[in-house]
Structure formats: C-alpha cells, structure tokens
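To keep things clear, I will list the structure first and then write my remarks on it.
In my numbering, the protein residues as written are 7 to 430.
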C-alpha cells in the first residue's frame with residue numbers, strides 16, 4: 007500500500023484512530039472495518055489482513071491495487087462486506103471466499119479478474135449483492151447461483167461469459183437488478199426470467215440472445231423501470247402491455263429484429279425519459295400507426311427518442327411539435343417518412359440533436375428552427391427539401407454539425423457530408 011498511508015499509521019496515535027480503521031465499541035482492540043477507498047493507494051493487497059479476524063467490512067475500492075485477491079481472506083469468519091472495485095486486480099476470484107458464510111456483499115467490478123465465477127457463492131445464505139462487472143471472467147453463469155435466494159443484485163455485465171442464461175435464475179424471487187449485458191450469451195431468454203416480478207432493472211444488452219418479449223410484460227415485471235435489451239437477436243412485436251408497465255423510465259430495445267407497430271399508448275408511461283427503438287423492422291404507414299408519437303406528448307420528462315433505421319413511412323405527424331420541451335435528442339433518419347417539418351418544431355427548445363436525414367421529407371426548413379438555441383447537430387441530408395436555408399440557422403450559436411446535402415435548396419453550396427460515421 008501507499009507509503010503515505012503507513013506514515014499516518016504510526017505509533018503517534020493509537021491504531022483505533024488510524025485513518026480508515028474502525029474498531030468495536032465494546033472491544034476497541036478489535037478492528038471491525040477498513041474503509042480506505044479513493045485514497046490513491048498502490049501496491050498489492052496484503053494477505054495478512056486475514057489476521058484481523060474480527061473484520062466485517064473491507065473497502066479498498068477506487069485505488070490502484072494490483073495483483074491477486076489472496077485466498078487468506080477466506081479466514082475472516084465475520085466478513086460480511088468486501089468491496090475491491092475500480093482497481094487493477096488480476097488472477098482468479100478465490101473460491102475459498104465462499105467459506106465466509108456471513109458474506110452479504112461481494113463487489114469486485116472494474117478490475118482485470120479472470121477465471122470462473124465460484125460456484126460456492128450460491129451457498130452463502132445471506133448474500134444479497136454480487137457485482138463482478140467489467141472484468142475478464144469466463145465460463146458459464148453458475149446454475150448454483152440460483153440457490154442464493156437472498157440475492158437482490160446480480161451484476162455480471164462486461165465479461166466474456168458464454169452459453170446461455172440459466173433458467174434456474176428464475177428462482178431468485180427477490181432479485182431487483184439483473185445485469186448480464188456485454189457478454190457472449192446466446193440462446194433464448196428463459197421464460198423463468200420474465201417471472202422475476204421484483205425486477206427493477208433488466209440489462210441484457212450486447213449479447214446474442216433470441217426470443218421475444220412476453221405479451222403480459224406489465225404483469226410479469228410490474229416494478230420494471232429499466233428495460234435494456236438492445237443489440238441482440240430479439241424478434242416479434244413490441245407488446246401492447248409495454249404501455250401498462252407504469253414504472254418504466256428507460257427503454258432500450260434498439261438493434262434487434264422487432265417488427266410491427268410501435269405500441270400506441272406509450273404516453274401512459276409518465277416516468278419515461280429514454281426511449282430507443284432504432285435499427286429494427288418497426289413499421290408505420292397510416293396515420294393511426296403514428297399514434298405513439300402523439301401519445302408521447304404526455305411523457306413530460308422525455309429526453310431521448312431514437313427511432314431511426316426502421317420501416318417508418320407515411321406523413322410526419324404535426325404532433326411531433328407537441329413532445330415535451332425536455333426532449334434533447336430526436337433521431338428519425340433512415341426511414342421512409344414523407345411530409346414536411348411542422349413550424350411547431352421550434353417548441354422543442356431544449357433539442358440538442360435533430361436528425362431526419364435519408365427520408366422523403368419535402369418543403370422548406372421552417373423559420374422556427376431559430377428557436378432551437380441548444381441545437382448541436384442538425385441533420386436533414388438526403389431528403390427533398392427546397393427553398394432557401396433560413397439565415398437564422400447561422401445564428402444557432404451551439405450548432406457545430408450541419409448536414410443539408412442531397413436536397414434541392416436554392417443558391418446553396420452542397421458539400422458531400424457523411425452522416426453514418428456520426429450515428430449508431
């Protein structure tokens with residue numbers, strides 16, 4: 007550890023007054039907690055911490071420790087909480103840690119740990135929190151984890167875990183957070199996962215998962231707030247019941263193979279602030295197919311709406327101008343949308359990104375565009391716009407990317423600009 011810390015740990019003070027050291031009230035000679043997070047400490051974690059046999063809590067997170075997690079730590083019979091996240095630890099997770107039967111929380115994220123997830127973690131009766139995200143852990147998700155029935159948080163994202171999601175995880179009835187994103191998981195999402203009625207966050211992005219969303223999603227996951235299943239191989243329609251999952255605030259279903267219409271009553275999701283459905287096969291042809299956009303005007307805290315790269319067509323509804331003024335990102339490019347940009351677009355005063363390129367939009371750019379004072383990116387290329395470009399576009403002080411090429415504007419130089427490099 008850092009020499010500066012040892013300079014503080016000297017005989018000038020009794021050890022129970024050393025920085026980061028907490029001792030028991032009844033037995034001040036017993037060290038029960040080490041809290042040394044965010045102190046820029048370097049070196050390896052000393053194995054002789056195991057000599058502090060009354061330790062209940064170890065927090066060495068957000069430092070610069072490297073090397074292994076020593077199996078000697080398994081000799082701490084009272085250990086309840088171990089937090090070593092945000093370091094540079096390597097080697098394997100000692101399976102012997104499962105000998106600490108009082109363990110309640112294991113937090114080892116953002117390191118360079120490899121090997122497998124110890125199957126013995128499933129035998130810890132009080133374990134409610136596992137966070138192993140962003141390491142190099144391989145192998146499968148142990149089926150035995152389903153025996154840790156006190157688990158409320160299971161974070162395994164950002165590892166090269168392979169094979170499928172064990173159906174037995176559906177036994178974790180009090181689980182609130184399930185993070186399995188950015189792995190190499192494949193196969194269908196087990197139906198049992200949709201029975202985890204306590205789930206608040208479901209994060210399965212960036213895998214090779216297949217299957218469809220349950221028709222009764224609102225009943226299956228009544229408490230769901232974060233539904234993040236983007237960049238997989240999901241298919242089927244978006245269930246109408248999505249609109250009834252009243253706690254939903256963050257929906258990411260982009261980059262899959264979903265098809266059909268976008269549910270028309272998404273506006274009933276009053277907590278919704280983030281909605282991305284891009285790069286699917288979602289359709290709109292008739293005005294009724296665009297009901298979802300009109301409905302979204304009821305989402306008063308909506309900040310992001312990304313529906314580009316779909317099969318959306320027909321006339322762009324004027325109701326786009328009625329979306330909440332909290333909206334910051336609106337992307338609809340690479341569709342087949344017709345019509346014109348309504349003058350009311352100027353109502354969206356907090357827009358930072360407006361991207362409508364590669365559609366069949368026509369008419370002129372409305373003068374009300376001048377009201378979008380926060381606009382950073384305006385992308386209208388590859389449409390049928392005509393007329394003059396409003397001079398007020400040049401007065402948008404925050405604008406740093408402007409794409410108007412491949413239109414029919416009068417008296418304007420049209421340099422060839424590429425938009426694909428800017429977007430998903």
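Built from N, CA and C at the ideal position, the CB exists for glycine as well. This one's a predicted model, so the numbers in the text were calculated from it and none came from an experiment.
Where residue 113 sits in the DSSP three-state scheme: By 1-based counting over the chain shown, the position of residue 113 is 107. In the structure shown, residue 113 sits in a strand (DSSP, three-state: E or B).
Helix or strand or just coil, what does DSSP make of residue 454? It is not possible to answer for residue 454, since the shown part of the chain is limited to 7 through 430.
Identify, in the order they occur along the chain, each residue of the same chain with its Cβ nearer than 6 Å to the Cβ of residue 68, setting aside the five sequence neighbours on each side. Against the chain shown, residue 68 aligns to sequence position 62. Here the set comprises 43, 44 and 92.
Residue 347, buried or exposed, once every other Cβ within 10 Å from all chains shown has been counted against 16: Taking the first residue of the chain shown as 1, we reach residue 347 at position 341. Classification for residue 347: buried.
Mapping the DSSP letters down to three states, classify residue 285 as helix, strand or coil. Residue mapping note: residue 285 aligns to position 279 of the chain shown, counting from 1. DSSP places residue 285 in coil when its eight states are reduced to three.
When you compare only the Cα positions, how much space is there between residue 220 and residue 207? Position 214 of the chain shown, counted from the start, is the residue given in the question as residue 220. Position 201 of the chain shown, counted from the start, is the residue given in the question as residue 207. Distance between the alpha carbons of residue 220 and residue 207: 16 Å.
Kindly list the residues whose CB is nearer than 8 Å to the CB of residue 215, restricted to its own chain and excluding five residues on each side of it in sequence; keep chain order. Numbered from its first residue, the chain shown carries residue 215 at position 209. Apart from the 5 residues on each side of it in sequence, residue 215 sits with its Cβ closer than 8 Å to the Cβ of 171, 191, 192, 193, 194, 195, 235, 238, 239 and 240 in its chain, given in chain order.
Three-state secondary structure (DSSP) of residue 231: Against the chain shown, residue 231 aligns to sequence position 225. Residue 231 falls in the coil class under three-state DSSP.
Would DSSP call residue 300 helix, strand or coil? The count along the chain shown starts at 1 and reaches residue 300 at position 294. In this structure, residue 300 counts as helix in the three-state DSSP scheme.
Bounding residues of the alpha helix (DSSP H) (the contiguous stretch that carries residue 184): In the chain shown, residue 184 corresponds to position 178, counting from 1. Careful: residue 184 lies outside any alpha helix (DSSP H), inside the beta strand (DSSP E) at 183 to 185.
Start-end ranges of the beta strand (DSSP E) lying completely within the stretch 321 to 409, minimum 3 residues: 335 to 337, 342 to 345, 359 to 361, 366 to 369, 383 to 385, 390 to 393 and 407 to 409
Cβ shell of residue 421 (< 7 Å), same chain only, five flanking positions each side left out: The count along the chain shown starts at 1 and reaches residue 421 at position 415. Legend: pLDDT at residue 421 = 40, less than 50; position of this residue unreliable, no value from coordinates given.
Under a Cβ-count criterion, where at least 16 other Cβ atoms within 10 Å of its own Cβ denotes burial, should residue 291 be classed as buried or exposed? Position 285 of the chain shown, counting from 1, holds the residue named residue 291. The residue in question, residue 291, is exposed, as its Cβ has fewer than 16 Cβ neighbours within 10 Å.
The alpha helix (DSSP H) with residue 253 in it runs from where to where? Here residue 253 refers to the residue found at position 247 of the chain shown. Here residue 253 belongs to no alpha helix (DSSP H), and DSSP marks it neither H nor E.
I'd like the list of long-range same chain contacts for residue 74, defined as Cβ closer than 6 Å, with 5 residues on each side in sequence excluded. The residue you call residue 74 lines up with position 68 of the chain shown. If we look at residue 74 and ignore the five residues flanking it on each side, its Cβ neighbours are 97.
Thinking C-alpha only, which one of 250, 152, 176 and 130 is nearest residue 223? As a working mapping, residue 223 is identified with position 217 in the chain shown. Minimum Cα distance to residue 223 is reached at 250.
Residue 147 versus residue 103 - alpha carbon distance: To locate residue 147, count along the chain shown from 1; it is residue 141. To locate residue 103, count along the chain shown from 1; it is residue 97. Straight-line Cα distance between these residues: approximately 17 Å.
Who are the near neighbours of residue 429 in its chain, counting only those whose CB is closer than 6 Å to its CB and skipping five residues on each side? By 1-based counting over the chain shown, the position of residue 429 is 423. Bear in mind that the predicted position of residue 429 carries a pLDDT of just 38, short of 50, making it unreliable; the figure below should be weighed with that in mind. Nothing meets the Cβ criterion.
Among 361, 302, 404 and 264, nearest to residue 317 - alpha-carbon criterion: Taking the first residue of the chain shown as position 1, residue 317 is located at position 311. Answer by Cα proximity: 264.
List the DSSP bridge partners of residue 190. Working through the chain shown from its first residue, we reach residue 190 at position 184. According to DSSP, which records beta bridges pairwise, residue 190 is partnered with 168.
Which residue from 109, 63 and 185 puts its Cα closest to that of residue 115? In the chain shown, residue 115 corresponds to position 109, counting from 1. Comparing Cα positions, the closest option is 185.
Per DSSP, what are the beta-bridge partners of residue 69 in this structure? The residue you call residue 69 lines up with position 63 of the chain shown. Paired residues: none, contrary to the question.
State buried or exposed for residue 425, treating a residue as buried only when at least 16 other CB atoms are found within 10 Å of its CB. As a working note, residue 425 is residue 419 in the chain shown. The pLDDT assigned to residue 425 is 35, lower than 50, so where the model puts this residue is not dependable; a value taken from the coordinates is nonetheless given after this. In summary, residue 425 is buried, with 16 or more beta-carbon neighbours lying within 10 Å of its beta-carbon over all protein chains present.
Using beta-carbon positions only, say whether residue 365 and residue 343 come within less than 8 Å of one another. Start at 1 with the first residue of the chain shown, and residue 365 comes out as number 359. Start at 1 with the first residue of the chain shown, and residue 343 comes out as number 337. Contact: yes.
Measuring alpha carbon to alpha carbon, tell me which residue in 156, 119, 125 and 113 is nearest residue 137. Mapped onto the chain shown, residue 137 falls at position 131. Selected option, being the one with the closest Cα: 113.
Cβ pair residue 187, residue 213 closer than 8 Å: Reading the chain shown from its first residue, position 181 is the one you call residue 187. Reading the chain shown from its first residue, position 207 is the one you call residue 213. Yes, Cβ-Cβ distance for residue 187 and residue 213 is below 8 Å.
Alpha carbon to alpha carbon, how far is residue 210 from residue 77? Indexing the chain shown from 1 puts residue 210 at position 204. Indexing the chain shown from 1 puts residue 77 at position 71. Their backbone Cα atoms lie some 31 Å apart in a straight line.
What does DSSP give as the partner residues of residue 319 in its beta bridges? Taking the first residue of the chain shown as 1, we reach residue 319 at position 313. Partner(s): 342.
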